[in-house]
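Peer 1:
In my numbering, the protein residues as written are 2 to 251.
(1) What residue does the beta strand (DSSP E) around residue 69 start on, and which one ends it?
(2) Give, in chain order, every unbroken run of the beta strand (DSSP E) that is at least 3 residues long and sits entirely within the stretch 36-96.
(3) According to DSSP, simplified to helix, strand and coil, what is residue 222?
(4) Alpha carbon to alpha carbon, how far is residue 75 from residue 178?
(5) Just to confirm before moving on: does the CB-CB distance between residue 138 and residue 115 stay below 8 Å?
(6) I'd like the ranges of any alpha helix (DSSP H) spanning at least 4 consecutive residues and lying wholly in the stretch 97-171.
(7) Leaving out five residues before and five after residue 209 in sequence, what residues of the same chain have Cβ atoms less than 6 Å from its Cβ?
(8) Determine which residues share a DSSP beta bridge with residue 243 and list them.
(9) In terms of alpha-carbon separation, which member of 24, 98, 62, 29 lies closest to residue 180?
(10) So the candidates are 84, 13, 71; which of them puts its Cα closest to the Cα of residue 155?
(11) Taking its Cβ as the centre, do 16 or more other Cβ atoms sit within 10 Å of residue 94, making it buried, or is it exposed?
(12) Pick helix, strand or coil for residue 250, following the three-state DSSP scheme.
(13) Under 8 Å, do residue 174 and residue 77 count as touching if we go by C-beta distance?
(14) For residue 194, which of helix, strand or coil comes out of DSSP?
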């Protein structure tokens, strides 16, 4: 099992809870996320947590059932950025910005993103169309929120990040909802497409379904999504767990 989320409390708690159900049937290695994804292509036993499931990734990896959820991705900008007034003028009354419209402007903030990271299928498609207006970080760390230090040092103007991850920074910042982003995002464990990967996923999915009945675990799953969407998340999560109760293949 490849670990890539060392310092985020809820992410860490949910993942550790799953590991506890596996009763020692794993080896834990902490490595950079890009390397972890590479190992999922050629190491038959490998699994890695905290991945977004997309159609493209499903061609490469096998995915567990969702084991936690994050609130929708947002645009995050420094409170003292010269771009804050621009974004405020573009935002709707509820603080939502159309990312595609923003990137179509002649003058835009420099938005930092990570290569090999999926921001969701619709956002990925938009970002691929405007790469000249992005700073794309090709290296990765074992930490979540690895773009935050670059924005703190003003190397980039804006990042796209989950609210809870962005909040881990001490930097004063403003957040804007992204019109094209989903309201919340499922988080999965990915495993190598192999016979051993299928066995691993059977054990992982069994652990997730057992934990779904535990109050503490359900609180962790909902901690980042907010009260307004909690009921919808539980409905979607329950449906996902019930859809293929005995299957590890996704």
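C-beta atoms are modelled at their ideal positions from N, C-alpha and C, and glycine is treated no differently.
Predicted model only: the values in this text are computed from it and were never measured.
Peer 2: In this structure, then:
(1) Reading the chain shown from its first residue, position 68 is the one you call residue 69. First-last of the beta strand (DSSP E) with residue 69: 69-72.
(2) For the stretch 36-96, whole beta strand (DSSP E) runs of length 3 or above, ordered along the chain, are 48-52, 62-64, 69-72, 75-79.
(3) As a position in the chain shown, residue 222 is number 221, starting the count at 1. In the structure shown, residue 222 sits in a helix (DSSP, three-state: H, G or I).
(4) Translated into positions along the chain shown, residue 75 becomes position 74. Translated into positions along the chain shown, residue 178 becomes position 177. Their backbone Cα atoms lie some 5 Å apart in a straight line.
(5) Sequence index remark: in the chain shown, residue 138 carries index 137 (1-based). Sequence index remark: in the chain shown, residue 115 carries index 114 (1-based). Their beta carbons are under 8 Å apart, which means residue 138 touches residue 115 by this criterion.
(6) 100-105, 122-130, 149-153, 164-167
(7) Along the chain shown, one-based indexing puts residue 209 at 208. Closer than 6 Å at the Cβ level, and outside the excluded window around residue 209, lie 66, 68.
(8) For this step, residue 243 is matched to residue 242 along the chain shown. In the DSSP assignment, residue 243 forms no beta bridge with any residue.
(9) By one-based count along the chain shown, residue 180 stands at place 179. Nearest option by C-alpha distance: 98.
(10) The residue given as residue 155 occupies position 154 in the chain shown. Taking only the C-alpha atoms, the option nearest residue 155 is 84.
(11) Mapped onto the chain shown, residue 94 falls at position 93. Per the 10 Å Cβ criterion, exposed.
(12) The residue labelled residue 250 in the question sits at position 249 within the chain shown. Residue confidence is low: residue 250 scores 43 on pLDDT, short of 50, so the model does not pin down where it sits. Its coordinate-derived value is still stated next. Three-state result, residue 250: coil.
(13) Against the chain shown, residue 174 aligns to sequence position 173. Against the chain shown, residue 77 aligns to sequence position 76. Yes.
(14) Your numbering for residue 194 matches position 193 in the chain shown. Per DSSP, reduced to three states, the secondary structure at residue 194 is coil, with no helix or strand assignment.
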